[in-house]
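Chemist:
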Amino acid sequence: MNRKVPLQSLIEAAVMAALAFILDLIPAINIGPWMSVSIAMLPIFLVSIRWGWRVGMASGFIWGLLQIALGDAYILTPLQAFIEYFIAFSFVGLAGLLSNRSLSARSIVLAVLIGSIARYFWHFIAGWVYFAEYAPEGMPAALYSLIVNGGTALLTFILCAIVLILLWKTAPRLLKKT
Numbered sequence: 001m002n003r004k005v006p007l008q009s010l011i012e013a014a015v016m017a018a019l020a021f022i023l024d025l026i027p028a029i030n031i032g033p034w035m036s037v038s039i040a041m042l043p044i045f046l047v048s049i050r051w052g053w054r055v056g057m058a059s060g061f062i063w064g065l066l067q068i069a070l071g072d073a074y075i076l077t078p079l080q081a082f083i084e085y086f087i088a089f090s091f092v093g094l095a096g097l098l099s100n101r102s103l104s105a106r107s108i109v110l111a112v113l114i115g116s117i118a119r120y121f122w123h124f125i126a127g128w129v130y131f132a133e134y135a136p137e138g139m140p141a142a143l144y145s146l147i148v149n150g151g152t153a154l155l156t157f158i159l160c161a162i163v164l165i166l167l168w169k170t171a172p173r174l175l176k177k178t
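Using full-length UniProt numbering, read the sequence shown as starting at 1 and increasing by one per residue.
#1: Looking at the strands, I want to know which residues DSSP matches up with N30.
#2: Distance, Cα to Cα, I108 vs E137?
#3: Smallest Cα separation from residue 181: which of V15, I29, K4, F45?
#4: Buried or exposed: where does E133 fall if 16 or more other Cβ atoms within 10 Å of its Cβ makes it buried?
#5: Enumerate in chain order the residues of its own chain whose CB-to-CB distance from S145 is below 6 Å, with the five nearest sequence positions on each side excluded.
#6: If you count every other CB in all the chains shown that lies within 10 Å of the CB of G64, and 16 or more means buried, which is it?
#7: Looking at C-alpha atoms only, which residue of A153, M57, G96, A142 is the closest neighbour of I31?
#8: Go through its chain and collect everything with a Cβ distance to M41's Cβ below 6 Å, but skip five positions before and after it.
#9: Could you pull out every residue in the same chain whose Cβ sits closer than 7 Å to the Cβ of A28, ignoring the five residues on either side in sequence?
#10: Report the option in A95, F89, A81, L166 whose CA atom is closest to the CA atom of W51.
#11: Which residues in the same chain have their Cβ closer than 8 Å to the Cβ of I114, if we skip the five residues on either side of it in sequence?
#12: L66 CB to nearest chain B CB: under 8 Å?
#13: To the nearest angstrom, how far is the alpha carbon of I87 from that of A142?
#14: Regarding F21 and the ligand MN, is the C-beta to nearest heavy atom distance less than 7 Å?
#15: So, is R106 buried or exposed, given that buried needs 16 or more other C-beta atoms within 10 angstroms?
#16: Report the three-state DSSP secondary structure of F131 (helix, strand or coil).
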């Protein structure tokens, strides 16, 4: 099956990836040394809901590439970088699995939840494998990674869901294909 991707969707994917990168440069709300809350995923959620998961994942991939090339990527090994910056950032685009549904606050929250869980699952895996040494003595690495990455995921999900619902209520055209 030959499915053409509209040029407009690819342009929006690149622009939204750049916007996500810029938003990631804004200091996040830090909660402890390893937990932070940011709205940087919002552009990826927007493009995912507008154009679907494929375009959303492409946008997330570009965002991860920008993080490594220009950002403040924390790289321990090539595999850790691949997991945390290419796979995890791409998986935010899975929010677009719900792109063909009629928009409602519920569908937006569900899309943001899917994208957030998908991304932070990979950060959890990387944290468990590569950041075990940061766990307090006696705490299993998996539990430490779950607390740090799960806490960040939960708070970021809540913030992004609220902001995206507000955007949908005030500017619904942002979430629809044009």
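Glycine included, every Cβ here is placed at the ideal spot set by N, Cα and C.
Just so it is clear, the structure is predicted and the values come from calculations on it, not from any experiment.
Modeler: Working from what's here:
#1: N30 is bridged to S36.
#2: Counting only the Cα atoms, E137 lies some 40 Å from I108.
#3: The structure shown has nothing for residue 181, since the chain only spans 1 to 178.
#4: In summary, E133 is exposed, with fewer than 16 beta-carbon neighbours lying within 10 Å of its beta-carbon over all protein chains present.
#5: Apart from the 5 residues on each side of it in sequence, S145 sits with its Cβ closer than 6 Å to the Cβ of F124, G127, W128 in its chain, given in chain order.
#6: With 16 or more other Cβ atoms within 10 Å, it is buried.
#7: Closest option to I31, Cα to Cα, is A153.
#8: Sequence-distant partners of M41 (beyond 5 residues in either direction) whose C-beta falls short of 6 Å from its own C-beta, in its chain, are V92, C160.
#9: Within the same chain, Cβ atoms closer than 7 Å to the Cβ of A28 are found at S36, V37, S38, the five residues on either side in sequence being excluded.
#10: It is A95.
#11: Hits under 8 Å: L94, A95, L97, L98.
#12: Reference to chain B is not applicable here, since this structure consists of a single protein chain.
#13: Whole-angstrom Cα-Cα distance: 19 Å.
#14: Looking for the ligand MN in the displayed structure turns up nothing, as the structure carries no ligands at all.
#15: Flag for R106 reads exposed.
#16: The DSSP-derived three-state label of F131 is coil.
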